[in-house]
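From first to last, the protein sequence lines are chains C and B. Mapping the first sequence onto full-length UniProt numbering, position 37 (from 1) lands on 37, and the numbers just tick up by one. Mapping the second sequence onto full-length UniProt numbering, position 1 (from 1) lands on 1, and the numbers just tick up by one. All residues carry an ideal CB built from backbone N, CA and C; glycine is no exception. All of these numbers come straight from a predicted model, not from anything done at the bench. Read the structure below first, then the notes.
There are 2 protein chains.
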Amino acid sequence: MLERIRIVLIGTSHPGNIGGTARAMHNMGLTDLALVAPRCEPLTADTVSRASGADTLVHNARTVDNLEDAVGDCTLVVGASARSRTLPWPMITPRELGERLPAELSSMQGRVALVFGREDSGLTNTELQRCHAHVHIPTNPDFSSLNLAAAVQVLAYECRLACLTETTDSAEPEAAPLATHEELEHYFAHLERCLIAIGFYDPAMPRQLMARLRRFTLRARPERMELNILRGILTATQRQAERHKDE
Amino acid sequence: MLERIRIVLIGTSHPGNIGGTARAMHNMGLTDLALVAPRCEPLTADTVSRASGADTLVHNARTVDNLEDAVGDCTLVVGASARSRTLPWPMITPRELGERLPAELSSMQGRVALVFGREDSGLTNTELQRCHAHVHIPTNPDFSSLNLAAAVQVLAYECRLACLTETTDSAEPEAAPLATHEELEHYFAHLERCLIAIGFYDPAMPRQLMARLRRFTLRARPERMELNILRGILTATQRQAERHKDE
């Protein structure tokens, strides 16, 4: 699905931002980059440095003269916009964008473009009005202008999440077996005997001590192996108390 | 709420990444930056250029020698981690991190640290084991290493979303104060001394024992009062071991 999402940068001024965009895209599994009328040489030492290994995306990028040529084959075009304009447009959040992607890309013809404007002035009204919707990344109102590559990073991250949750995530490591209720009860009984032996706990004056230790322990959902360690500590502690008694 | 989230950068090598981090933070409304043993001059022309007006955050940043000093007052410490380690730790997604924040920061004592490692090698195992949980940003397995400022951007974005969508939930009972990172570290040091005293732990043969006990304890998120009980038990246990030695 991710291969049918295109990042479109319009009128970019700084090669470093193109490199940073390529890195953010590759990190999130996006590959399709289009540059519209860049205002700088796209491939410089700055590009390669910021791309940090992802500069193949810049090599493979299509460079075109205008937005039309970059998004002609797309079924959904979404423009990144810092502020609402005079003419209100359908405005979605990055998360809502993600939520729309699976349906949008379910057919093989589906192709989505995310369009980012100039570092200094964003997208023009004409460009914004060529988009199906605008996406606004929520920012601090006092300091709202995101770095271009950072904005790409946030939207690419939402794209990746949306596409990942669609596929079964079998990468989860096998969880260690948790202690059973019975094992936990054996542990608590052992703990109580041990605390009595070292003179820390007096059943005649319970003061909710055992309840507090239960709550703490149960909250952690102990694994069987962890409970074995804790019981080992109790046994070692009891040994100290016993020796003392014998002498 | 956002003012009680601290971004901690450990051993950063590139001033540009500190500037990029400051910009990402300020864009998302975060203000609290701590630098742990930076491997570069934090404030250079590169910093100011990438910060793009947010360099006050770097001016105001606290620079300290080690992780302890950066997160001592925090109730939740989350380390950004690219991969799962030999000893699996509670692992959350950026979104799950966001979901935890409102409850976490509902009390005035709540303070959260998000810890980011070195550009080349991330966080050490020791540093990772000082965290309650690890957060992993889902990435392309073939190109998984995010730029430092980009990683901060994604987590700061989730923080902002979580704090924006937070509806005042006054029905929650006032939670008992959680132990701070510093109190927890004192407890672990005490636990280690005690386990050595009773002959259960040999630092020459660590076998991940302390790491396992850390993981178990941190998972439970101990309240201050619970930690006091646990330390009382340690003291009573040590007394047994000491008496035995004296006789």
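Taking the alpha-carbon positions, what's the residue i to residue j distance?
i             : j         : result
Arg-6/B       : Tyr-157/B : 14 Å
His-186/C     : Glu-192/C : 10 Å
Ala-61/B      : Leu-33/B  : 5 Å
His-190/B     : Arg-215/C : 22 Å
Ala-151/C     : Ala-176/B : 39 Å
Arg-219/B     : Ala-220/C : 5 Å
Arg-100/C     : Pro-94/B  : 20 Å
Asp-120/B     : Leu-178/C : 36 Å
Leu-184/C     : Thr-126/B : 29 Å
Gln-153/B     : Ala-24/B  : 5 Å
Val-77/B      : Asp-73/C  : 46 Å
Ala-236/B     : Ala-204/B : 25 Å
Ile-196/C     : Gly-232/C : 17 Å
Ala-82/C      : Leu-9/C   : 15 Å
Asp-169/C     : Leu-148/C : With a pLDDT of 43 at Asp-169/C, under the threshold of 50, the predicted position of this residue should be treated as unreliable, and no value is reported.
Ala-80/C      : Ala-70/C  : 15 Å
Arg-39/B      : Ile-18/B  : 11 Å
Arg-118/B     : Val-135/B : 16 Å
Ala-37/C      : Gly-20/B  : 26 Å
Leu-230/B     : Ser-52/B  : 49 Å
Glu-41/C      : Leu-209/B : 56 Å
Ala-211/C     : Leu-213/B : 21 Å
Leu-227/C     : Phe-200/C : 21 Å
residue 276/B : Val-112/B : No information on residue 276/B is available, as it lies outside the stretch 1 to 247 that chain B covers here.
Ser-144/C     : His-26/B  : 9 Å
Gly-108/B     : Thr-75/B  : In the sequence as presented, Gly is not what sits at residue 108/B; that position holds Met. Cα to Cα, Met-108/B sits roughly 11 Å from Thr-75/B.
Val-64/B      : Leu-43/B  : 15 Å
Arg-239/B     : Pro-141/C : 59 Å
Ile-198/B     : Glu-242/B : 9 Å
Thr-167/B     : Pro-102/B : Summary for Thr-167/B: the model assigns pLDDT 46, below 50, so the residue's position carries little reliability, and this model does not support an answer.
Phe-116/C     : Arg-224/C : 52 Å
Gly-122/C     : Ser-106/C : 30 Å
Leu-35/C      : Trp-89/C  : 24 Å
So is residue i buried or exposed if we call it buried at 16+ other beta carbons inside 10 Å?
i             : result
Met-1/C       : buried
residue 248/C : The structure shown does not extend to residue 248/C, since chain C spans only 1 to 247, so no value can be given for it.
Ala-181/B     : Checking the displayed sequence, the identity of residue 181/B turns out to be His instead of Ala. So His-181/B counts as buried.
Gly-11/B      : buried
Gln-129/C     : exposed
Pro-222/C     : buried
Met-91/C      : exposed
Ile-137/B     : buried
Leu-114/C     : buried
Pro-15/C      : buried
Glu-172/C     : Bear in mind that the predicted position of Glu-172/C carries a pLDDT of just 44, short of 50, making it unreliable; the figure below should be weighed with that in mind. Exposed, by the Cβ-count rule.
Ala-132/B     : It should be pointed out that residue 132/B corresponds to His in this sequence rather than to Ala. Per the 10 Å Cβ criterion, buried.
Thr-47/B      : buried
Arg-160/C     : buried
Gly-110/B     : buried
Thr-31/C      : buried
residue 306/B : Lying before the first or after the last residue shown, residue 306/B is absent from chain B, which here runs from 1 to 247.
Glu-68/B      : exposed
His-59/B      : exposed
Cys-56/B      : It is worth fixing the name first, because residue 56/B is Thr in this sequence and not Cys. Counting Cβ neighbours within 10 Å, Thr-56/B comes out exposed, since fewer than 16 surround it.
Ala-45/C      : exposed
Arg-4/C       : buried
Thr-165/C     : exposed
Arg-207/C     : exposed
Give me the DSSP bridge partner(s) of residue i.
i         : result
Leu-178/B : Glu-223/B
Could you tell me whether any non-hydrogen atom of the ligand FMN is closer than 7 Å to the CB of residue i?
i         : result
Gly-117/B : The ligand FMN is not among the ligands present in this structure, which contains no ligands whatsoever.
Enumerated in chain order, which unbroken segments of the beta strand (DSSP E) with a length of 3 residues or greater are wholly contained in the UniProt domain "tRNA/rRNA methyltransferase SpoU type" (5-157) of chain B? Counting whole runs of 3 or more residues, the UniProt domain "tRNA/rRNA methyltransferase SpoU type" (5-157) of chain B contains the beta strand (DSSP E) stretches 5-10, 32-36, 62-64, 76-80, 112-116, 133-135.
Every unbroken alpha helix (DSSP H) within the region 205-231 of chain B, with a cutoff of 4 residues, ordered by chain: Counting only runs of 4 or more, we get 209-220.
The region 152-167 of chain C: which residues have C-beta closer than 7 Å to a C-beta of chain B, in chain order? Residues Gln-153, Val-154, Tyr-157, Arg-160, Leu-161, Leu-164.
So if I threshold CB-CB distances at 7 Å, which residues from the region 26-37 of chain C count as touching chain B? From the region 26-37 of chain C, only His-26, Asn-27, Met-28, Gly-29 have a Cβ closer than 7 Å to chain B.
Using Cβ-Cβ distances below 7 Å, what residues of the region 227-243 of chain B are close to chain C? Result list: Ile-229, Gly-232, Ile-233, Ala-236, Thr-237, Gln-240, Ala-241, Arg-243.
Closer than 9 Å, Cβ to Cβ, to anything on chain B: give me those residues from the region 116-140 of chain C, in chain order. Legend: CB atoms of the region 116-140 of chain C lying less than 9 Å from CB atoms of chain B belong to residues Ile-137, Pro-138, Thr-139, Asn-140.
Counting only Cβ-Cβ distances shorter than 9 Å, please list the residues of the region 208-219 of chain B near chain C, keeping chain order. Sequence-ordered contacts of the region 208-219 of chain B with chain C read Leu-209, Arg-212, Leu-213, Arg-215, Phe-216, Thr-217, Leu-218, Arg-219 [C-beta pairs closer than 9 Å].
Closer than 7 Å, Cβ to any Cβ of chain B: which residues of the region 185-207 of chain C, in chain order? Taking 7 Å as the Cβ-Cβ cut-off against chain B, the residues of the region 185-207 of chain C that qualify are Leu-195, Ile-198, Gly-199, Phe-200.
What residues from the region 45-58 of chain C come within 8 Å of chain B, judged by C-beta to C-beta, listed N to C? Residues Arg-50, Ser-52, Gly-53, Ala-54.
Scan the region 1-28 of chain C for residues whose Cβ lies nearer than 8 Å to a Cβ of chain B and list them as they occur along the chain. Result list: Gly-20, Arg-23, Ala-24, His-26, Asn-27, Met-28.
Give, in chain order, every residue of the region 70-104 of chain B whose Cβ lies closer than 9 Å to some Cβ of chain C. Taking 9 Å as the Cβ-Cβ cut-off, the region 70-104 of chain B approaches chain C at Ser-84, Pro-88, Met-91, Thr-93, Pro-94, Arg-95, given in chain order.
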